[in-house]
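In my numbering, the protein residues as written are 1 to 142.
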């Protein structure tokens with residue numbers, strides 16, 4: 001059963017820890033503004049910090065489109081914060097509408113970012129995303 005992490009969560013984002021999987025699930029129930037987007041990621045990091053959860057399933061399907069500025073903020077400002085505060089490379093599986101990916105990418109993921117601080121892939125299915133995160137956990141612990 002997922003553990004809710006709602007003490008500090010704004011009402012426009014939901015967090016659930018999947019302790020049995022070692023994953024933090026982040027979901028937006030509605031589109032958000034750029035400020036709400038930043039507040040959401042900051043709150044997610046606060047939820048992940050106590051357990052140093054570096055593996056996230058981030059459901060973007062209802063969040064609405066992100067601008068180039070939003071994406072730049074996540075990659076250039078937020079990723080380094082997460083890397084530092086969670087004490088290691090972060091692995092994020094972003095769920096996007098399946099139509100944005102090929103059938104193969106829906107399951108195996110489409111690489112978005114891969115460097116020392118973060119590995120990020122886009123997925124069309126939660127099953128594929130969780131499978132990739134489990135593989136990264138195994139690889140990271142080896």
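For every residue, glycine included, the Cβ atom is placed at its ideal position computed from N, Cα and C.
Linking residue 23 to residue 92 through their CA atoms gives a straight-line distance of about 9 Å. Within a 10 Å sphere around the beta-carbon of residue 35 sit fewer than 16 other beta-carbons, which makes this residue exposed. Under DSSP, residue 115 takes part in no beta bridge, so it has no partner. Between the alpha carbons of residue 135 and residue 33 lies a gap of roughly 33 Å.
Between residue 41 and residue 61, the alpha-carbon positions lie close to 16 Å from each other. In the same chain as residue 109, and ignoring 5 residues on each side of it, the C-beta atoms closer than 8 Å to its own belong to 93, 121, 122, 123, 128, 129 and 132, in chain order.
Between residue 18 and the set 67, 104, 56 and 65, the nearest pair of CA atoms involves 56. If you draw a straight line from the Cα of residue 81 to the Cα of residue 104, it is about 32 Å long. Contact between the segment 67–77 and the segment 95–102 is absent: fewer than three C-beta pairs spanning the two stretches fall below 8 Å. Counting along the chain, residue 104 sits inside no beta strand (DSSP E); it lies in the alpha helix (DSSP H) bounded by residues 103–108. Residue 29 has its alpha-carbon roughly 7 Å from the corresponding atom of residue 12. DSSP places residue 66 in no alpha helix (DSSP H); its state is neither H nor E. Closest option to residue 115, judged by alpha-carbon separation, among 100, 88 and 107: 88.
Within 10 angstroms of the beta-carbon of residue 49 lie fewer than 16 other beta-carbons, which makes it exposed.
In the three-state reduction of the DSSP assignment, residue 16 falls in the strand class.
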